[in-house]
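Protein chains: 2
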Amino acid sequence: MDDFVFQNTTKIIFGRGTEAKVGEEARQFGTRALLHYGGGSVKRSGLFDRVAASLKAAGVSFVELGGVAPNPRLSLVHEGIALCRREKVGIVIAIGGGSAIDSAKAIALGVPYQGEVWDFFAGTAEPKEALPVATVLTIPAAGSESSTASVITNEDGMLKRGFNSPIIYPRFSILNPELAFTLPKQQVANGVADIMSHLFERYFTNSRPVELTDRLIEATLRTVIDAAPRVLARADDYDAWAELMWSGTIAHNNLLNTGRVGDWGSHDLEHELSAAYDIAHGAGLAVVFPAWMKYVHKHDVARFAQVASRVWGVDSAFMDPERAALTGIERLEGFWQYLGLKVRLSGLGIGPERIPEMADKLSSKGTKTVGNFVKVGKAEAEAIYQLAL
Amino acid sequence: MDDFVFQNTTKIIFGRGTEAKVGEEARQFGTRALLHYGGGSVKRSGLFDRVAASLKAAGVSFVELGGVAPNPRLSLVHEGIALCRREKVGIVIAIGGGSAIDSAKAIALGVPYQGEVWDFFAGTAEPKEALPVATVLTIPAAGSESSTASVITNEDGMLKRGFNSPIIYPRFSILNPELAFTLPKQQVANGVADIMSHLFERYFTNSRPVELTDRLIEATLRTVIDAAPRVLARADDYDAWAELMWSGTIAHNNLLNTGRVGDWGSHDLEHELSAAYDIAHGAGLAVVFPAWMKYVHKHDVARFAQVASRVWGVDSAFMDPERAALTGIERLEGFWQYLGLKVRLSGLGIGPERIPEMADKLSSKGTKTVGNFVKVGKAEAEAIYQLAL
């Protein structure tokens, strides 16, 4: 087990109707909020009005900024920063999924900073402070409701970059599984791929031994595998949504990577894909991750055999680890297809044309390679994208 | 899944030599500390001197108070409160296991309170504030290094009572598995029983469905079962100690009871036992828990069959759940005996004489019964103690 420091300060308020508590919680951080959200669904569903009523009752006034798109853009972040400064906002509250939350975190970073907020994402500056962020989660997927991460796309060059710091842990996050009942099925499936990918990124590590966290990750994977088909079969299955929503948070709240270094190469490979084609992050991961697994599995057959055995019940792992490893990857592909996900680029209507361009952008990052379990440079990235065709 | 609020703010600093960081961490909370510990082992091992050097280097002066005994006493807490007030201490740092930490938490509660600190344990007052607490953990067992709990024994009537509040979450806890290398084998085994009992207390619940947390608890149990025999076989097995130490924290940091109500009756049954006979908490739990399980298993045979199957590999659970449930309890007894624990009162030299007295004290608490999974009153308590003979 690697040495580590772990502290996750986000307060989770979980259960039916918990959006009614946003006012009393927000009041502890300020009397003026920015409500930040995506399309109009939070208005149509009545959620926005319930949040607004709770804030008003607690004496918190607010301004609002909608329009966050999947792969949230830097330009809207700039707009939010200006709005917060003008309106003297004390807390940024995201209502939505990972995109709204990531955008809110970027706004919170930018408000007290005199320079260009993209500096933090480009890695050329380190923030000293940020406005408090809070969330009302509507999509179990990104895990951003209790994470140190924000991922933003700079339209200038369509650069998609992530930033990590404890200063953007949300102060509190409202998790009401009922809010997910109205999600489109495709978005649900994308979210499941995102959650499972967060678990796999942590699972594939060269740190050892990492027995407790291996088992905790496997436990969370098995829960997601059990719950996901149930929410797709019956959209108002509260119990299954509750398991899925809490799993989505646990998958990304940094507990499951204590004492180990995750890989994260597939996330970088996917970021190039979604930046190039503007596809949803989860949809891209469902294509990239199996290809990455096939490409790297020989690096640690035992680890792939372990997850095949413990998560997918592949019982050939003792006598034939290589076959078990590959069978495990096939089970994953089969499960994701069963959920309605495409597991090949061709299924997303994407051909080989821009593979060199994506591999080039990936390897032009500061580090030249991505991933920790296996280092992926330009040649490896091209091979993985080819395997995904 | 029940509605819940979860927030655990303790900063965990985990790894080799991490006691060297106590100074820089403590400095954030004050410039004068109380170092609180048990017997002389922390002095003999050199740990006390390393902690003292780290504090000095960071500009934190300190006073010290040793002498914490297992089942920590109220009289020493009083002494600590007076010392902290006199010396204007800003942070209480426990060096040791659960007893030192629980005692430190009680001192921290008492310093800013004008009344008698026992009020909080007796449930007749609610604290508004507490001094910051920090820990340097030497014994993986109680989980107090990242918990809201403190258990203190009032010598006046030998009343052992627990208190819970987020205000006593340690601000930071130093977890260096090397510090456990010198523990006596019996203390290690007691600690394992304590950790596993914290997991079982959470596992046996009437809340449902609780699938994610079931699986996370099972994952932690399997890790402990794998690691415990290894640290007993080789005292300086860092890897196994790391798994056990981090499992001990996870077992009790409140994550694994999110969305569920644990039982905790066995803890109350054990508190009467250790108050009456002054035996170690873990040693008492190893006797009480199997008896409790046998007494209550018919309340939810499926749950007992599930843990037998998933944790102990009992494969008869599908066709004969009752037999699987009982087999699982036997496996637990066998495992604890293998670690050198006694699983009957007779093994501890305890006969039936004081059973009525213990049952009487148990049921004289405010609630009349203890436990949530199954309510245990005086008659049930007597029956469970009898089963433990």
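Chains F and X, in that order, give the protein sequences.
Mapping to the working numbering: the first sequence position 370 is 884, numbers consecutive.
Mapping to the working numbering: the second sequence position 343 is 857, numbers consecutive.
All C-beta atoms, glycine included, are put in the ideal place defined by N, C-alpha and C.
Computed from a predicted model, the values in this text were never measured in an experiment.
Residue state for F/H785 is assigned as helix, using DSSP reduced to three classes.
Against chain X, the beta carbon of F/F518 has neighbours under 7 angstroms at F528, G529, listed in chain order. No residue range can be given for F/L862, since it is assigned to no alpha helix (DSSP H) and is classified by DSSP as neither H nor E.
If you draw a 10 Å sphere on the C-beta of X/Q628, you find fewer than 16 other C-beta atoms in it, and that means exposed. If you draw a 10 Å sphere on the C-beta of F/R558, you find fewer than 16 other C-beta atoms in it, and that means exposed. About 5 angstroms separates the CB atoms of F/S658 and F/G612; that is less than 8 angstroms, so the two are in contact.
From the beta-carbon of F/G773, the residues of chain X found nearer than 8 angstroms are F528, A756, W760.
Judged by DSSP in its simplified three-state form, X/H766 adopts coil rather than helix or strand. For X/L713, no chain F residue has a Cβ inside 9 angstroms of its Cβ, as the nearest lies near 12 angstroms away. Shown here, X/I526 sits in a strand according to DSSP, grouped into three states. F/R599 and F/V650 have their alpha carbons spaced roughly 22 angstroms apart.
Within its own chain, the residues whose Cβ lies closer than 8 angstroms to the Cβ of F/T545, once the five positions on either side in sequence are excluded, are G573, V574, S575, G604, listed in chain order. Sequence-distant Cβ neighbours of X/S780 in its own chain, meaning closer than 7 angstroms and more than five residues away, are S711, E715, L799, V802, F803, W806.
Counting along the chain, F/L697 sits inside no alpha helix (DSSP H), nor does DSSP assign it H or E at all. Around the CB of F/A747, fewer than 16 other CB atoms lie within 10 Å, so the residue is classed as exposed. In the displayed model, F/F576 falls within a strand according to three-state DSSP.
Rounded to the nearest whole angstrom, the C-alpha separation of F/Y852 and F/D740 is 13 angstroms. Annotation for X/A636: the continuous alpha helix (DSSP H) segment containing it runs 632-636. Boundaries of the beta strand (DSSP E) around F/T649: 647-651. About 6 angstroms separates the CB atoms of F/V745 and F/V702; that is less than 8 angstroms, so the two are in contact.
In this structure X/H811 does not touch X/L783 by the C-beta definition: roughly 16 angstroms separates them, more than the 8 angstroms allowed. Under the Cβ criterion of 8 angstroms, X/D708 is not counted among the residues facing chain F. In the three-state DSSP reduction, X/L846 falls in the helix class (H, G or I). X/L561 has its alpha-carbon roughly 10 angstroms from the corresponding atom of X/A567. Put simply, the CB of X/R729 is near chain F, with a gap under 8 angstroms to one of its CB atoms.
The beta carbons of F/S660 and F/D616 sit no closer together than 8 angstroms.
Taking CB atoms only, F/D740 has a neighbour in chain X less than 8 angstroms away. Under DSSP, X/H550 shares a beta bridge with X/L579, X/A608.
Against chain X, the CB of F/L726 has a partner CB under 8 angstroms away; the residue lies at that interface. In this chain, X/S823 is not harboured by any beta strand (DSSP E); it is covered by the alpha helix (DSSP H) spanning 815-826.
None of the residues of the region 646-674 of chain F has a beta carbon lying less than 7 angstroms from any beta carbon of chain X.
Residues G537 of the same chain have their beta carbon placed closer than 8 angstroms to that of X/K570, with the five preceding and five following residues left out of the count.
In this model, F/A873 and F/H785 are separated by some 11 angstroms (Cα to Cα).
Between the C-alpha atoms of F/T772 and F/V519 there is a straight-line separation of about 8 angstroms. Closest by C-alpha distance to F/I527, out of F/G776, F/N768, F/W760, is F/W760.
Chain-order list of chain F residues neighbouring X/R736: R729, by C-beta distance under 7 angstroms.
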